[in-house]
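Enquirer: Provided herewith is a single structure, encoded as structure tokens, for subsequent inquiry.
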Amino acid sequence: MRRLLPPLTGLTMLAALAIVFLVVPTEADMGIVQRIFYFHVASAWVAFLGFFLVAGASAVYLWNGSPTADRLAYAAGEVGVLFCTLVLVTGPIWARPIWGVWWTWDPRLTMTVVLWAIYASYLMLRGFGGDDPALARYAAVLGIVGVLDIPLIVVSVRLLRGIHPAVINRTDGGTGLVDPWMRIGLLVSALALILLAAWFMDLRVRGARLEEEVAALRRELDARRGEVA
Amino acid sequence: MRDALVILAKDLRIEWRTREGLSSVLVLGVLLVVVLTIAQDPSPETAPTLAPGVLWAAFVLTGMLGVQRAFVLERENDCLAGLLTAPLDPAAIYAGKLASNVVLLGVTQAVVVPLTGLFLHLDLVPRLPALLLVCLLGNVGFASLATLFGALAIRVRAREIMLPLLLLPLLVPLLIGAVQATRAVLVGGLAAASSGLGVLAAFDVIFAVAGWLLFAYVVRD
Chain A
15 MRRLLPPLTG LTMLAALAIV FLVVPTEADM GIVQRIFYFH VASAWVAFLG
65 FFLVAGASAV YLWNGSPTAD RLAYAAGEVG VLFCTLVLVT GPIWARPIWG
115 VWWTWDPRLT MTVVLWAIYA SYLMLRGFGG DDPALARYAA VLGIVGVLDI
165 PLIVVSVRLL RGIHPAVINR TDGGTGLVDP WMRIGLLVSA LALILLAAWF
215 MDLRVRGARL EEEVAALRRE LDARRGEVA
Chain B
4 MRDALVILAK DLRIEWRTRE GLSSVLVLGV LLVVVLTIAQ DPSPETAPTL
54 APGVLWAAFV LTGMLGVQRA FVLERENDCL AGLLTAPLDP AAIYAGKLAS
104 NVVLLGVTQA VVVPLTGLFL HLDLVPRLPA LLLVCLLGNV GFASLATLFG
154 ALAIRVRARE IMLPLLLLPL LVPLLIGAVQ ATRAVLVGGL AAASSGLGVL
204 AAFDVIFAVA GWLLFAYVVR D
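Sequence order for the protein chains is A and B. The working numbering applies: residue 15 is where the first sequence begins, and numbers increase by one. The working numbering applies: residue 4 is where the second sequence begins, and numbers increase by one.
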């Protein structure tokens with residue numbers, strides 16, 4: 015399965031690109047720029063998955079102290095911030111021609127940038143918090159508090175003024191994706207990005223484990239050198 | 004519960020003997036209200052509309068420094084380590100620290116809020132009960148998170164920058180709720196502020212419980 019992940023990711027990404035750029039019809043009002051939607055929305059889904067995975071893995075780590083859960087939480091945080099950054103980059107590229115501005119304080123935009131900041135600060139804590147072994151526990155506390163904040167953010171930003179389009183669940187009950195290929199394109203690109211995220215996380219988790227093994231071997235080596243001398 | 008009260012009494016006694024933290028936080032709060040107002044150069048007509056934002060931005064920034072200072076005090080001479088070796092439940096330590104932070108921030112609010120009303124031409128007196136409720140809910144919510152992360156930030160490297168970095172994004176819902184509720188209270192009344200107050204109340208409950216449960220993981224060695 016692990017060996018299959020990279021080629022599977024590549025093939026799904028190619029399929030997503032082919033569907034989005036060759037098959038899906040151009041949106042009637044917005045034109046060609048609307049095609050960024052398939053990557054924008056799919057990235058947002060992956061970012062959310064990553065953030066919830068941080069909380070889940072953090073809770074497991076606090077519960078049983080599993081080092082794998084801790085490494086997974088860190089990797090999920092990195093992947094979440096990466097894809098959240100992609101959401102914040104692809105959004106303005108679309109917003110500039112459609113809304114006429116790069117950024118506005120719409121509820122969803124505000125929510126995304128706040129979530130980005132929460133998990134960016136999670137990475138800051140892990141990256142610059144020092145080498146105290148208790149840092150993993152502090153980070154797990156932050157990972158859990160961060161996800162508890164999400165419903166509050168969702169409710170509170172609704173008190174702001176909004177203009178973001180609701181494509182998937184519209185107030186009239188229909189969906190904005192009139193052509194079936196539009197739905198297929200979104201799902202395939204979401205699948206491609208999920209696979210990519212899974213691959214990244216697998217690499218990061220294994221990398222972190224190897225780093226710890228190397229550090230343990232170094233310590234052992236130093237100890238033996240001490241014995242010889 | 005009794006343990007929490009002991010911690011509260013201890014913290015307030017320390018504060019009362021020096022009055023150093025409280026006075027510096029008070030002056031800072033006033034200063035921030037002045038600076039944030041000057042920076043926007045309001046006309047007499049626009050001044051009242053600025054008040055909620057100025058008030059809560061000043062509160063969050065002063066509160067952060069006040070809470071950080073409270074934990075720096077605990078760090079000196081390893082007081083926190085002493086506190087942890089005492090036969091106290093970490094949850095009781097959290098509750099006591101939370102209570103003492105709420106008291107100190109409440110005193111700050113009692114000075115900064117009327118002053119903001121004065122500077123920005125608000126008539127606070129008829130709105131006082133509703134405004135008190137907003138201030139109290141905002142205070143408790145802020146202190147719930149700040150107490151948890153103050154204890155956390157003091158234990159990591161780069162601690163001065165870590166507390167605002169971790170705390171500010173998490174406080175956004177509180178800030179939105181408090182600003183909206185304050186604005187609604189000033190123009191309408193308690194009924195108009197219900198959605199903002201709802202956010203504040205939910206924030207208070209969620210993070211007071213989360214802090215109570217998670218504090219042990221932050222302070223335990």
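Ideal placement from N, C-alpha and C gives every residue a C-beta, glycine not left out. Here the structure is a predicted model, which means the values were calculated and not measured.
1) Do we get a CB-CB distance below 9 Å when we pair Ala61(A) with the residues of chain B?
2) Do the region 130-139 of chain B and the region 113-122 of chain A meet, that is, are 3 or more Cβ pairs less than 8 Å apart?
3) Just mark His124(B) as buried or exposed, buried being the case when its beta carbon has 16 or more other beta carbons within 10 Å.
4) Taking only beta-carbon atoms, is Met165(B) less than 9 Å away from chain A?
5) Apply the 10 Å Cβ neighbour rule to Val3(B) and answer buried if 16 or more other Cβ atoms are within range, or exposed otherwise.
6) Any Cβ of chain B within less than 9 Å of the Cβ of Leu163(A)?
7) What is the DSSP secondary structure of Gly109(B), reduced to helix, strand or coil?
8) Reducing DSSP to helix, strand and coil, say where Gly144(A) ends up.
9) Using the C-alpha atoms, what's the distance from Ala56(A) back to Glu41(A)?
10) Helix or strand or just coil, what does DSSP make of Glu41(A)?
11) Report the rounded CA-to-CA distance for Asp120(A) versus Leu174(A), giving the unit in angstroms.
12) Helix, strand or coil for Thr40(B), going by three-state DSSP, please let me know.
13) In terms of residues, what are the limits of the alpha helix (DSSP H) holding Phe218(B)?
14) Could you say which of Arg223(A), Thr124(A), Thr23(A) lies nearest to Val175(B) if we only look at CA atoms?
15) What are the boundary residues of the alpha helix (DSSP H) that includes Ala156(B)?
16) To be precise: take each residue of the region 189-205 of chain B, compare its Cβ to all Cβ atoms of chain A, and keep it if any distance is under 7 Å. Which residues remain?
17) Using a cut-off of 8 Å between C-beta atoms, extract the partners of Ala146(B) located in chain A.
18) Please report how far the alpha carbon of Val219(A) lies from the alpha carbon of Val34(A), in whole angstroms.
19) Is the CB-CB distance between Val38(A) and Ala204(A) below 9 Å?
20) Does any residue of chain B bring its CB to less than 9 Å from the CB of Leu96(A)?
21) Name the residues in the region 117-137 of chain A whose C-beta lies less than 7 Å from a C-beta of chain B; which are they?
22) Near Leu91(B), what residues of its chain come up, given a Cβ to Cβ distance below 7 Å and the 5 sequence neighbours on each side ignored?
Expert: With the structure as the only source:
1) Position 47 of the first sequence, counting from 1, holds the residue named residue 61(A). Answer no: the Cβ-Cβ gap between Ala61(A) and chain B never drops below 9 Å.
2) no
3) Taking the first residue of the second sequence as 1, we reach residue 124(B) at position 121. Exposed: under 16 other Cβ atoms inside 10 Å.
4) Translated into the one-based positions of the second sequence, residue 165(B) becomes position 162. With 9 Å as the cut-off, Met165(B) counts as an interface residue toward chain A.
5) The structure shown has nothing for residue 3(B), since chain B only spans 4 to 224.
6) On the first sequence, position 149 is the one that residue 163(A) refers to. Before going further, note that residue 163(A) is Asp rather than Leu in the sequence given. Yes - at least one Cβ of chain B is within 9 Å of the one on Asp163(A).
7) The count along the second sequence starts at 1 and reaches residue 109(B) at position 106. Of the three classes helix, strand and coil, the one that applies to Gly109(B) here is helix, per DSSP.
8) For this step, residue 144(A) is matched to residue 130 along the first sequence. Gly144(A) falls in the coil class under three-state DSSP.
9) In the first sequence, residue 41(A) corresponds to position 27, counting from 1. In the first sequence, residue 56(A) corresponds to position 42, counting from 1. Approximately 18 Å, taken between the alpha carbons.
10) On the first sequence, residue 41(A) is found 27 positions in, with the first residue counted as 1. In the structure shown, Glu41(A) sits in a strand (DSSP, three-state: E or B).
11) Position 106 of the first sequence, counting from 1, holds the residue named residue 120(A). Position 160 of the first sequence, counting from 1, holds the residue named residue 174(A). If you take the alpha carbons of Asp120(A) and Leu174(A), they lie about 7 Å apart.
12) The sequence position of residue 40(B) within the second sequence is 37, counting from 1. DSSP places Thr40(B) in helix when its eight states are reduced to three.
13) As a position in the second sequence, residue 218(B) is number 215, starting the count at 1. Element bounds for Phe218(B): 197-222.
14) Counting from one through the second sequence, the residue named residue 175(B) turns up at place 172. When only C-alpha atoms are compared, the closest one is Thr124(A).
15) As a first step, residue 156(B) must be located in the second sequence, where it is residue number 153. That run of the alpha helix (DSSP H) goes 131-156.
16) Ser198, Gly199, Val202, Ala205
17) Numbered from 1 along the second sequence, position 143 holds the residue referred to as residue 146(B). Correct list: empty, because the minimum Cβ distance to chain A is about 14 Å.
18) Position 205 of the first sequence, counting from 1, holds the residue named residue 219(A). Position 20 of the first sequence, counting from 1, holds the residue named residue 34(A). Using only the alpha carbons, I get a separation of about 32 Å.
19) Position 24 of the first sequence holds residue 38(A). Position 190 of the first sequence holds residue 204(A). Not closer than 9 Å, so no.
20) Taking the first sequence and counting its residues from 1, the one referred to as residue 96(A) is at position 82. Judged by the 9 Å Cβ criterion, Leu96(A) is not in contact with chain B.
21) Val128, Ala131, Ile132, Ser135
22) Here the question's residue 91(B) lines up with position 88 in the second sequence. These residues qualify, in order along the chain: Asp6.
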